[in-house]
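One structure is given here, and the rest of the page talks about it.
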Ligand SMILES: [Zn+2]
Ligand SMILES: [Zn+2]
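Residue numbers (the numbering used here): 1010 to 1286.
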């Protein structure tokens, strides 16, 4: 399988680029796409390192956006990572996440839920575009506290989300139509990620993005049932969209669904050749 949905340490995954390549080798994967959240920091590195292993890499991204109160992730494939519109948009998103991160940190610290210096987290910012909330857990573990990365989802749901300012959707700076258009400007194919996550709004939100250049639907995904797969295949066929797939890999500790990198994906790379879409 060609897994088209993989995260690394450059966003909120736990694997380094070397580790991702190692897993890909062990699973005999011939191609993959790195689709970190709102950053292309890892793309050049994975392309360079995977060449030696004969693994083809599709430059990818997963852009956070909002439409009608829904958090929508838009995947972009075969993007030009040097495109200035794309990088300008990612800077806006990164600044928003860093600001939101600091608000969360200050609140958690003030309420004695966490107790350690910001410097311990800021070093994670040295090599990536924006801090992820899960970097709090990485710093706590390094601080000798009795957690593992597997504790993160529960810690997030029971502690971090309690922050009264946890209002991701309300003031998020990027609309989904803009994410789709910028991926097109960067020469890529915009794909609606894991549509089932927004429930009944799925088809309606995808339809709204068609005139902006939506090019595909992520059909093959760990928690898409057979019924959902058929529904999204039908939608894609009706609108001439490509059908992609992947595991949304975040590393063994941070992937909360029951699948390993390479378990979901597509069989051929032909579908994401930009010249035919
Ligand atoms: Zn996503
Ligand atoms: Zn993802």
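Every residue, glycine too, gets a C-beta built ideally from N, C-alpha and C.
Keep in mind that this is a model prediction, so the values were computed, not measured.
Around the Cβ of residue 1209, a 10 Å sphere holds fewer than 16 other Cβ atoms; the residue is exposed. Here the alpha carbon of residue 1011 sits roughly 28 Å from the alpha carbon of residue 1103.
Look at residue 1012 here: in three-state DSSP terms it is strand. Residue burial is scored here from C-beta neighbours: residue 1259 has at least 16 other C-beta atoms within 10 angstroms and is therefore classed as buried. Separation of residue 1253 and residue 1124 (C-alpha to C-alpha, rounded to the nearest whole angstrom) is 42 Å. DSSP places residue 1068 within a strand segment (E or B) once states are collapsed to three. Distance between residue 1151 and residue 1268, taken at the CA atoms: about 27 Å. Nearest C-alpha to residue 1020 among 1227, 1069, 1239 and 1154: 1069.
Contact between the segment 1125-1143 and the segment 1020-1034 is present: three or more C-beta pairs spanning the two stretches fall below 8 Å.
Look at residue 1253 here: in three-state DSSP terms it is strand. Proximity of the beta carbon of residue 1203 to ligand 1 is indicated: a heavy atom of the ligand is located closer than 7 Å.
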